[in-house]
Structure formats: C-alpha cells, structure tokens
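Chains as they are written, first to last, in my numbering: chain L, 1 to 281; chain B, 1 to 329; chain E, 1 to 321.
We put the CB at the ideal spot given by N, CA and C, even for glycine.
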Amino acid sequence: MKQRKSFGYYFLRNKNGMIGLIGVALIVILGVIAPFLVAYPEGYTADILLAPSLSHPLGTDKLGLDILAEVIWGARTSLYVSLTAVVISALIGIPAGLISGFVKGWLGEIIDACIDIFLTLPMLPLMIIMAAIMGTSINNVALVIGLFSWPQLARVTKNATLKISEMQYIEAATCLGLSKPRILFKHVLLNATGPVFVNLTLIMASAVLSEASLSFLGLGDPTTWSWGTILKRAWTSNAVISSPNPWWWWLIPSLCIVIFVVCFNMLGTAINDILNPKGRD
Amino acid sequence: MSKEPILKVSHLNKFFKVKKRKLIEEKKYVHAVEDVSFELYEGETLGIVGESGSGKSTLARTILGLIPSSGGTVEYKGQNITDFKVSNSKMLRSELQMIFQDPYASLNPKMKVGSAIAEPMLINGQAKNKEEARQKVKELLQMIGLQPEVYDRYPHEFSGGQRQRIGIARALAVNPKILFCDESVSALDVSVQAQILNLFNDLKEKLHLTYVFIGHDLAVIRYISDRIMVMYLGKVMEIAPYDEIFDENTHPYTQSLISAILEPTTEPNAERIILEGDIPSPVNPPKGCRFCQRCFKAQPKCFEEEPELIPVSADHQIRCHFAKVGENK
Amino acid sequence: MSRYILQRIGRGLLTIFVSLTLTFFIIRLMPSNPVELMIDPHMSQETQDMLMEKFGLDKSFGEQYILFLKGVVQGDLGVSFGSRANVTELIAQKLPWTLLLIGIVLLLVVIIGIPVGVLAAKRKGRLSDRIISIVVTMGISIFIPFLAFLLLYLFSFRLGVLPTAGAYTPPKGEGFSYVLDIARHAILPAVTLSVMMLANAVLYTRNSMIDVLKEDYIRTAYSKGLDKKRTLKVHALKNALIPTVTVIGLQIGVMVGGSVMTETVFSWPGIGRMIYDAVTALDYPVLQGGFLLMSVSVVLMNFLTDLVVAWLDPRIKLGGK
C-alpha cells in the first residue's frame, strides 16, 4: 500500500504558512478574550494624546482613551465582521459556483453571467452606497460586505467544479443512481474544498480591508470600536500632519489592519502551495 | 437463439455539436455513434471492439443514459428506457451498471472505500440502514477478493488492480443485471489484467450477470466474449459469434485487428495487415464505406456507396460490399 | 467581427444595465427610502408636491424606473440633492481629475511594473527577486489610507516637500507653473493608488515570464542561436504579458474603488472624493451617477484589455474561447 505524506506534514514545514497561522491565532485569541483583558474604552479622560508609556503602552487619543484597549476591541469587531461576511459570501458563492459549473443549460448560463457581471462591477463603491443607505450598524456592514464578496469565490468554485465534474467518479456516481444535488453538494464539494478554503481565507482578508475602508469613510458602526473607526477619528483630527505628531494614533491601527491581512494572505498562499504539488519542491 | 433479448438497442445515434468559432458558420456535428442496433441476451458476454475514437465508450454511455441520445431507442426487458426518462428509472438504473476504465479516476479520492460502496446501497434501497450496508459491503469486498478491513481506507492507499476491484464492488452494490465494462482492464498490468478477467468470469457464474465488454484489444475481448461487435467511426462494421470471428469471411477491418494480435509463435508473421493512417475525422466521415480510406480491399465502389450490414449467417452480420452471404456454416 | 468580440460587447452592455438597475433598486427599495426622506412633512403642501414632482416621486415605481433609464440614455443623471447642480455637469467637472490619476497609474504599470516583473523572473531565486517578492506581497494587501498616511507623514509633514491635499494651490494658476503645481500635488495620490496595481503587474509578469521561459519554443529559440535579449523580448514577453493584461483588467474595478479612498485622504477633486462627499451628505443622485460612471469606465477598460489580450493571444484571434 502506498503512503502519502499528510497535509499537516507539509504545513508544519511551510514557514510562511506557520507565521500566518500564528498571527491569525493571536488575533483570534485577542478578539475572543478582549472583554477579559481591558475595559471597553468609553467617554473621555484627561490623558489626552499621551505618547506610549507604561500605563498606556500604545498611547492615548484625543479623548484620552487608551489606544491598546481600542485596538483590542477593534480586533473583536474586525473578526466578527469578516467572519460573518465570509459565511454570507460562502452561502451565496459556493452554491452559485457549484451550480454554474455543473448544470448545463439556462440556469448555469444565468448564474455564470451573474458571476461575470459582479466580478467586473466596482465593489467598494457599491458597498459604500448600500452601507450608506442601510445605516451604520455592525451587522449591516457585515451583511453588505458578505453580499458583495462572493463573486470571486463563485468563480473559484466554478472552475474547480468544472474540473471535478469531468472525473470518472462523478460519472460513476450518476450511473449508481445518486441524485444530482447529492453528487454536487457531496462528491464535487468534497473535492473542491482545497481551492474553496484558500479563497475563504482571502475573502477574510479582503473583508477586513472593506470593513476598515467603510469605517474610515464614516460608514462603520459609530458605537463599536474597529480599526477603521480609530483611523477615521485620527484622520478627522488631522493626526497625520499635526505637530507634535501623535504617530501612535494613526500608525498602530493601520499596522493592525496590515498584519491581519498579510497573515490571512500568507495562510491562504501556504495552503494553496501545499495543495498544489508544484509548491512542495 | 429464440429467446427474448434482455437489452435491445435500435438505431441509436449520438451526435456532438461542434462549437462555433465564427459568427456565421454551418452547424457541424461529430458523429460519435451512428445507427447502432444490436441485441443482448441474458447470460452472454458481448465484446465491443474498435480503435479509440470508434465510439464504443460513447455507445455505452448513451445506453446507460449518462449522456443524452440523439435518436433511436434502448429497450430493457421490453421496456423503453432510452435516456432513463421513465418513472421507475431509479430501480432500472441500478440494474445496468458500468465498470470504468481508469481505476485512479473512477473512485472519489476524498471518500473512504466502505462509504463509497455503501452510499448507493442506501440510496437505492439495497440496504435499509447503515449497519446492514456495512455488513453487505464487507461481504462484497470478500467476494471480489479484498479484506473487509479496507472499509475505512482511502482509495490512494491501493494499487490499480485493487482499485479496480473496489470499482467492481461498488457497481455490484446495487445488484445489477447487466455490467458494461469500458476498457476495464486496459489500464492495468498484464498479470493483473488476467486476475481481473478471471474475477469477471467468476462473478458472472455466481451472480448470473450479463456483460458488455468494451475494449480496443481484441486479444482481451475474445478471452471473455461469446459474441463480438466491431465498431469503426461510430458504426457497427461486424457482429459475429466468437467462433466465426476468426474465419475467412469477415470484415477487412476485423481481419486487420486479428492480425494485430500477438501470437506466441516461432514462424515469421508474414501476413500481418498493417493499417495505414489514422482514423478519419468523425466530423466529416467518408462518403462511401467508413473504412474505405484505409481498407486493403477497397475498390472504387467502396468510395461511392456505403454498404449495409449484410447477414452472412444466422447471427453474423458484416458491413462490406464483399461479404459472402451464406458461406459460413 | 468575431463572435468573441460581440460576446464581450454584449456582456459589457449587460453589466452597465445591471449596475443601473442595482443602484436604482438599492436606493429605492430600502426601508428608509432616502428620496422620500428629502420631503419633510413640515414643508408646505405646495413645496412637498413640487419636490415630489421634481424627483418623479408622484409616479409609480415602474414609471420611475423607465424615466430613470430614459434620463441615463439622454445623459441626464438628475439633480444633486445638496447643491441642486446637474449631476452630469458635476461629473464632467470631476472626471478629468480622476482620469489624470488613473492615467498616471497605468503609465507607471507599463514603465515600472512590467520591467520589474521581467527582471525578477530573470533573477529568479536571487536576492533581488526575493526583495521584489516581499515588497509585492505587502503591496497586494495594502490598506490605502495607511499608505497615504505614511507618505503624507514622510513627504509632507517630516520633509515638507509635497503638498498635503488638493490638486493645485489656489488660486488657479496659468501656464507651465500651473502644470508643475498639479504635478506636485498628483505625486502622492498617484503613488498611493498605483501600489496595488503595480504589485499585481509585477507578480503576474514575473510568474508568467518564469513559466514561459520554461516552454519548449523558448528553448528552441535559444538553440537556433538567437541571443538572449532578443529571445526574451520578442518571444517570451508577448506571451508572458497575457496574464498581466488580464489581471490589470480584473483589478480596474478594485482600483476604481481604491480611488474613493485615495481621493478622500488627499482631498483630490475627482469622482472618488465626490462619492465620499455625497455619502456624508446622503446625496443619492450624485452617488448613483458616480457609481454609474465607475461601472461604465470599468466595462470600457475591461473591453480594452480584452482587445489587447486578443491581440497578444493568437488562439483568441481565431475566435475560440
């Protein structure tokens, strides 16, 4: 009997993948235990625009609130929004991709055209319009991002489905009398998990960017801390170009966003490399 | 043979549309299967032989409703089952099963062997619950010569021959009556081929199966077949009982296939017929006889007029202008 | 004309139609219909009626939609809620500024992105390739406000060499000094907006160049005695550029979104900033018009890149898919 080295074997040896995984894990832990770490930053204090020090490791903002606390609570928001968005886009994108890749005829054609059209439309402006109209609550933001993040996933799922449905085991399943939905949502999907999962991590990353962008434009939830909200406040207070410069105020949340995105992208790329035998050399 | 056929295929056609490239272009079709008729009797093994591109796999897939037909009918036990557009299709579907060519591609790599075999049983009602299915799968695995312990293994852990046995077990899971074996041993090593062929023969005895055995290698086909059907460019060129396929009075194409069989002999094989060129494009088949461009017997008539299937004896038909009627027997 | 090009044109028109319909219905189907919010119950009945009529609110939903489509075809995008200015005129006024930015970005992609990608491919695995790869990875996942802040902090605040906002120093100058002034203002926004596109261009050029260099026909060209530079230029680059051009086409939608962020941070007087201002003022006709313009330009650019790909790829020229 043949032996094949497992996914875990390659993953543990993939440096980028491990860095990404550790980064992602840290952010998740931070977000989950935020309420036990620091109090929710509210109101105002007299410690206005203090540079990083022992009592305020990442300094304070114009209202005298601790940036570290804001950033930790922001991680929670970013995680919540991006996870919800990923779930919503998976619920739309995966079935759309499966059906358009498997079903010939008008249904497949229509879904295919939808995927193509939504891939070309500029998504951020569309999200901006929708978020502006729906009103700024954290759930609305997550919903808007999820509703417009699925086309890429659908495309990836469709391409995988096209390849898989040519395989003989799919024909065999038809021959054995299994129903089309069963073949599609069990046999095809099982084999498409690799590319689908990779794409989900990428959606996660871009959802955080979208959330930060919307919050930065003032379309985030004003009652919840998110990295974009902190930046928005810093920007409207001219923090970047005012002297003396409160660099911690605009730099720290920006770095958080970049680290989150880079970690998820690294994780996704690593999984992709491992599933793609070319990357094993 | 006066018996009623278990499967009757009449004038079955399968055309594939050729994708248009320009805006205004004539519609073109690939004539993959054209006007194929034959009967299959219970308990026999019909071999279908031909080069790749002759339409034999497409024929099997069209009969099994895996691809829609473009014309003609398929009757199973007297009932029209063309494309399986019938009310009791679920039950009928399980009675006609297929063993695929590539044992590496025909098993779902993400499913355990046991659940892959059990799934169709549970769906089609051969087993009522998971426990019963598990029991039946283990019996099946034993019957096809594998340990019941392989139940929880994944396909990639097995060799080609073992995988092909698993594929057979999966097809048998739904109690089929007719098995279509599409090049089912050609991907295997010669020694393994023989084992699997013997397994087919054993199963036929035990389970009273009827086989349609498809292949490009006449040496393999004749080992297992009672009757042999020769296909070329989507058309039936000859249907002959096993005994008559090696006679003088056969189709020139059949003769060339036979001469290609390697025999263990010390004599130099001077009479070997070597076909020139490739099989022509099925989009524009030749005007006359399908085989005319490569036939060593071809006469001007063959390029002009397409021959009919001529019955030369009770159950021997040849599609050739030069077939001698009534000489066999 | 080949089937391929006709198909592309049809798809493009359909995309524009979908974006029109989408914005119309998003704006009008929401529970808090913004157009109706405009009409304050405290207004006099006369004013209310006048406004209703002005925005076509007295008509049925379907009629409003038809009117809207008719208007769009005639180039009438309605009137801004805030300034009561004609949206088409407003856009015409803002568009050149955004086109300027996008033009600079595409220029940078051609004169920097593609050569750097080729260089990285030629030096695959060496230090320069690795450095390029790291920079590219960061560039692809860049958060535009962050990059903008960094650039502003460095060049405007610390060094004080570049302006912080706007497209020119008022009052509007004339002649060469005016052009120079705009150029100075355009540097930071253009760099900010181009980073993501540049990173993608470098990445795809590098990867496809590496693949192409492995192909048989390149080896044949070498063995025919063609010198290395010529081989690279003539044979490899044309094929290697197919994925690059395709990805540029796909990224244009993302870049247009990025222009909203960039122009917002730098107060650049283009379409992106217009959209931001419209969001804060809840000025829906302007939002709708801005989005429509973005969709149309994305569709046009996509069509252009399709044509370039068809020109680069002989297989498509034959009309195949």
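Residue contact check for L107/B against chain L: a CB pair falls below 8 Å. Below the 9 Å Cβ cutoff, chain L contributes no neighbours of N200/E, its closest Cβ being approximately 13 Å away. Proximity to A192/L across T120/L, I94/L and V28/L peaks at I94/L, based on C-alpha coordinates. For S19/E, the nearest CB of chain L lies under 8 Å from its own CB, placing it at the interface with that chain.
Judged by DSSP secondary structure, I273/B falls outside any alpha helix (DSSP H); it is assigned neither H nor E.
Beta-bridge annotation (DSSP): D182/B is paired with I214/B. If only complete runs of 4 or more residues are kept, the stretch 58–115 of chain E shows the alpha helix (DSSP H) at 61–73 and 87–108, in order along the chain. Assignment of H11/B by DSSP, reduced to helix, strand and coil, places it in the strand class. Excluding residues up to 5 positions away in sequence, A167 and Y168 lie with their Cβ nearer than 7 Å to the Cβ of I182/E in the same chain. Rounded to whole angstroms, the gap between the alpha carbons of H316/B and P241/B is 7 Å. Within the stretch 173–202 of chain B, those residues whose Cβ lies closer than 8 Å to any Cβ of chain L are, in chain order, A173 and V174. Secondary-structure assignment with DSSP links L40/B through a beta bridge to L7/B. Of all residues in the stretch 146–176 of chain L, only M167, Q168, Y169, E171, A172, T174, C175 and L176 come within less than 7 Å of chain B when Cβ atoms are compared, listed by chain position.
If you look at H185/E, you'll find it in the alpha helix (DSSP H) that goes G175 to K214. Straight across, the Cα-Cα distance linking E46/E with V79/E is about 20 Å. Going by beta carbons, N140/L and A131/L fall inside the 8 Å limit.
Against chain L, a Cβ distance below 8 Å from M138/E picks out V258 and V262. Only residues of its own chain outside the window of five on either side were considered, and among them A85, I88 and S89 have a CB closer than 6 Å to the CB of G146/L, listed in chain order. Assignment of alpha helix (DSSP H) within the stretch 123–171 of chain B, counting only whole runs of 4 or more residues, yields 130–143 in chain order.
If you draw a straight line from the Cα of K130/B to the Cα of A323/B, it comes to about 57 Å. Using a CB distance below 7 Å, the part of the stretch 183–195 of chain L facing chain B consists of H187, L190 and N191, ordered along the chain.
For G228/L, there is no enclosing beta strand (DSSP E); the enclosing alpha helix (DSSP H) has its first and last residue at W227 to T236. Listed in chain order, the beta strand (DSSP E) elements of length 3 or more contained wholly in the stretch 235–323 of chain B are 235–241, 310–313 and 316–318. For E263/E, same chain residues with a beta-carbon under 6 Å away, outside a window of 5 residues either side, are G270, G272 and R273 in chain order. Within chain L, no C-beta atom comes less than 8 Å from the C-beta of F155/E; the nearest is roughly 11 Å away. Cβ neighbours of S128/E within its own chain (closer than 8 Å, five residues either side excluded): L119 and A120. One finds E119, P120 and I123 in chain B with Cβ atoms closer than 8 Å to the Cβ of L178/L, taken in chain order. Identification of chain E residues near S213/L by a Cβ-Cβ cut-off of 7 Å yields M261, ordered along the chain.
Contact note: P244/L does not reach chain E at a C-beta cutoff of 8 Å; the least C-beta distance is about 11 Å. Residue range K15 to L37 is occupied by the alpha helix (DSSP H) that includes M18/L, with no beta strand (DSSP E) assigned at that position. Contact between L151/E and V116/E is ruled out by a C-beta separation of about 20 Å, above the 8 Å threshold. For the 8 Å CB-CB criterion, P122/L and V256/E form a contact.
The alpha-carbon separation between A96/L and C114/L amounts to approximately 9 Å. Fully enclosed alpha helix (DSSP H) runs of no fewer than 4 residues occupy 150–165 and 168–175 of the stretch 144–200 of chain L, in order along the chain. The C-beta of F216/L comes closer than 8 Å to at least one C-beta of chain E. E248/B is classed as exposed because its beta carbon has fewer than 16 other beta carbons within 10 Å across all chains shown.
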